[in-house]
Amino acid sequence: MKLIIQRVSRGSVTVDGHTTGRTGKGFVILFGARHGDSEDDARRLADKTVSLRIFEDSAEKMNLSIEDVKGSILVISQFTLYADTRKGNRPSFINAAPPELAERLYNVYLEALRRALGGERVQTGIFGASMQVEIMNDGPVTIELSTD
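First residue of the sequence shown: 1, per the working numbering; consecutive thereafter.
This is the structure in structure tokens:
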């Protein structure tokens, strides 16, 4: 499993012209699953996400978590995080989990985040849909969490 976590001042996702999720101060997270990932992995990464201290405190040190700043999270499924470009110019996605497994793990990850933060603070796109994502990265700060 791979997460690209971006600290943002705002973010949103649109599907077919309709906004399906948005966040203010918080995270936009790109979520990818691979073969061999488990529900335990998803829960462990959700715990790590909530505990990640990448917001600045009064001394301008990255020392505060999403909970500390009462931020919200927008999570977007993205199988292309497991693109393999070692051969040729066209990416292979053979390492990405099949859609059924990826969606189950995505939902486990979301459930764990919602238990920790409350449902209203965790929003999403639509799994498997073509989405337009707007991200206003703050910092910029971008962190990768992974089970690799």
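All C-beta atoms, glycine included, are put in the ideal place defined by N, C-alpha and C. Bear in mind the structure is a predicted one, so any value in this text is a computation, not a measurement.
Taking only the alpha-carbon atoms, compute the straight-line gap between residue i and residue j and give it to the nearest angstrom.
i: Asp-16; j: Met-131; result: 8 angstroms
i: Met-62; j: Gly-24; result: 18 angstroms
i: Gln-78; j: Pro-99; result: 11 angstroms
i: Leu-45; j: Tyr-109; result: 8 angstroms
i: Asp-148; j: Arg-34; result: 9 angstroms
i: Leu-101; j: Gly-36; result: 10 angstroms
i: Gly-11; j: Glu-39; result: 27 angstroms
When you compare each of the options to residue i by their alpha carbons, which one comes out closest?
i: Arg-114; options: Arg-90, Ala-42, Gln-6 and Glu-144; result: Ala-42
i: Thr-124; options: Leu-30, Lys-2, Arg-7 and Leu-81; result: Leu-30
i: Val-133; options: Ser-9, Val-69, Leu-3 and Arg-22; result: Arg-22
With a threshold of 8 angstroms between beta carbons, is residue i in contact with chain C?
i: Arg-22; result: Structure shown: chain C not included; a single protein chain is present.
Taking all protein chains shown into account, do 16 or more other C-beta atoms lie within 10 angstroms of the C-beta of residue i, making it buried, or fewer, making it exposed?
i: Ser-92; result: exposed
i: Asp-47; result: exposed
i: Ile-76; result: buried
Return the Cβ separation of residue i and residue j in integer angstroms, given the expectation that the two are a contact with Cβ distance under 8 angstroms.
i: Leu-145; j: Ile-54; result: Rounded, the Cβ-Cβ distance is 11 angstroms, inconsistent with contact.
Taking the DSSP output, what are the residues bridged to residue i?
i: Glu-144; result: Ile-4
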